[in-house]
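Numbering (our numbering), first residue to last: 44 to 558. Have a look at the structure below before the remarks.
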RNA sequence: GCCCCGUUCGUCUAGUUGGUCCAGGACGCCAGAUUUUCAUUCUGGAAAUCAGGAGUUCAAAUCUCCUACGGGGUACCA
């Protein structure tokens, strides 16, 4: 079984994992599982200057939360390790040398400063400097220098990089599983650095070497890699290795304006761009995360999967398992997709309704207990059964678990003030007197399990005999009991709160409002 | 600038080999119904001259070319 599908998600630990990265990982996961293959996590930390403390742990925790399990890689292990490129440092040099010996790559001694100067000079003339077939002969490298000179410089410890030698005027072609056939002329490409002067490989070399060594069969990555794929194709050819299949995913764009979704957009527009909340160790800045904002991981996964992909049917809600079964890489769209936060909320609402009431109640119960002081409620009187009843009553009006409180606070704490708008509309001249009269009747109804039904029955009769309409009475009672024009059916509220509490609240309202 | 990729309702998209698409669904929006509340739910509606132009064809959102626009890349970053 050497044609087993193996894909990898290979982030760099330069900060928190962006939602676009999560989607790339998700598509890799779906493709792997659909084909009974392996999904690996490789950490690409070849740029030591950009390493950020905690980023690697963040990545691992994110996928744990999302429910995407890796079969192999950093934090899991496997037969092709180590899976962190900084720990594989020693293996890349030999491969770079192999290319030099084959005449496919060469040494270059130009300093970063020299090249930067070339670039700015070219820019001043409205041109672009490129290290390529036209310029390399005039630069300091093993192509322009004598063999002796090169050997001397290396022996003396002169810093150097190894660059790929692009052939001149050759058509480079490859097939992308999403975009089809792609061609590019090699003369347009520059001789990319493969091996840096600090002894580390660049992305291009490390990526190809590792994908080969780890027997990766399909490279599924963001569109930003499409322009460097010709280089990668040439590298596979130079090494005489089998090439994996490529698939370049469209990017996630800003909901407004131009360009791809960036870290800044989240806080600017009020939605998370990261799976988990991120505390920047240097700037101390905090960026919001989906988890902390109250999103369910299943909803985030579903939303991301449908951003740029669908199975052709009209179904939109998919479990991870269904996504795996339905997934096909050819159905991924070719163009970027603007992120839609309204639809994301809708997904969360859908998934929140699926959460078992008992589980949701447990969460809410814990929340109420730990915030009891702030919410001004007596935590010793809090009972899980009661909380469960409440959750069952108000869950459907919530998109987020955290909205539970704003939709059910009155079950726990009597209103201390009344919404102004509601007051104007629901409590007119004479309402207080009317309510006083109603209370006197309600008092006479026997307390017990059927009190609420009896009270309702009485109210119906009362409304009829007094030739009133139900809204006039029920809405005023609601205002007195809830403090606003919100909440479930009054009968349910009366049942839950009970005779004593209902009467007490109406009484207080008549005293306070005084109309 | 140069190179690569893309372009269907405000947004995400359906539209596999050209005809049954005067373009379907979802989010959002608007209206109505239910709940005489709010939310949910349900029903209905507005919303794309298929970026524009030229061509191929009896027939094009679907094929070809050009233009425009959008995105990405152009580092000893990934």
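Note that beta-carbon positions come from the ideal geometry of N, C-alpha and C, so glycine has one too.
- About 16 Å separates the CB atoms of residue 55 and residue 318; that is not less than 8 Å, and the two are not in contact.
- As computed with DSSP, residue 53 is found in no beta bridge at all.
- Contact between residue 207 and residue 235 holds: their C-beta atoms lie close to 5 Å from each other, under 8 Å.
- Contact between the region 419-431 and the region 478-493 is absent: fewer than three C-beta pairs spanning the two stretches fall below 8 Å.
- Counting only residues of its own chain and dropping the five nearest sequence neighbours on each side, residue 63 has a CB closer than 8 Å to the CB of 265, 294, 295, 303 and 304.
- In the DSSP assignment, residue 219 falls outside any alpha helix (DSSP H) and within the unbroken beta strand (DSSP E) covering 214-219.
- A residue is called buried when at least 16 other Cβ atoms come within 10 angstroms of its Cβ; residue 61 meets this threshold and is buried.
- Contact between residue 548 and residue 457 holds: CB atoms are separated by about 6 Å, below the 8 Å threshold.
- Contiguous alpha helix (DSSP H) elements confined to the region 119-148 occur at 132-144, taking only those with 4 or more residues.
- Within 10 angstroms of the beta-carbon of residue 185 lie 16 or more other beta-carbons, which makes it buried.
- Listed as beta-bridge partners of residue 264 by DSSP are 291.
- When secondary structure is reduced to three states using DSSP, residue 370 falls in the coil class, being assigned neither helix nor strand.
- Nearest neighbour of residue 407 by Cα position, chosen from 416, 190, 364 and 433, turns out to be 433.
- When rounded, the separation of the alpha-carbon atoms in residue 338 and residue 118 is 25 Å.
- In the three-state reduction of the DSSP assignment, residue 227 falls in the strand class.
- Around the CB of residue 231, fewer than 16 other CB atoms lie within 10 Å, so the residue is classed as exposed.
- Within 10 angstroms of the beta-carbon of residue 308 lie 16 or more other beta-carbons, which makes it buried.
- C-alpha of residue 382 to C-alpha of residue 346: approximately 10 Å in a straight line.
- Excluding its 5 nearest sequence neighbours in each direction, residue 250 has C-beta neighbours in its own chain below 8 Å: 53, 87 and 275, listed in chain order.
- For residue 238, the enclosing beta strand (DSSP E) has its first and last residue at 236-238.
- Within a 10 Å sphere around the beta-carbon of residue 256 sit fewer than 16 other beta-carbons, which makes this residue exposed.
- Residue 134 is positioned such that its CB atom lies closer than 8 Å to that of residue 252.
- Residue 82: not part of any alpha helix (DSSP H); member of the beta strand (DSSP E) spanning 81-84, first to last residue.
- Residue 206: member of the beta strand (DSSP E) spanning 204-207, first to last residue.
- Each of 212, 164, 183 and 168 was checked against the Cα of residue 176, and the nearest Cα belongs to 212.
- Residue 519 is not a Cβ neighbour of residue 459, given a cutoff of 8 Å.
- Within the same chain, 48, 50, 81 and 82 come within 7 Å of residue 75 by CB-CB distance, once the 5 residues on both sides are set aside.
- With a 10 Å radius around the Cβ and a threshold of 16 neighbouring Cβ atoms, residue 285 comes out exposed.
- Restricting attention to 516, 139, 466 and 528, the CA atom closest to the CA of residue 479 is found in 516.
- Between the region 528-547 and the region 435-447 there are three or more C-beta pairs closer than 8 Å, enough to call the two in contact.
- The Cβ atoms of residue 374 and residue 352 sit closer than 8 Å to each other.
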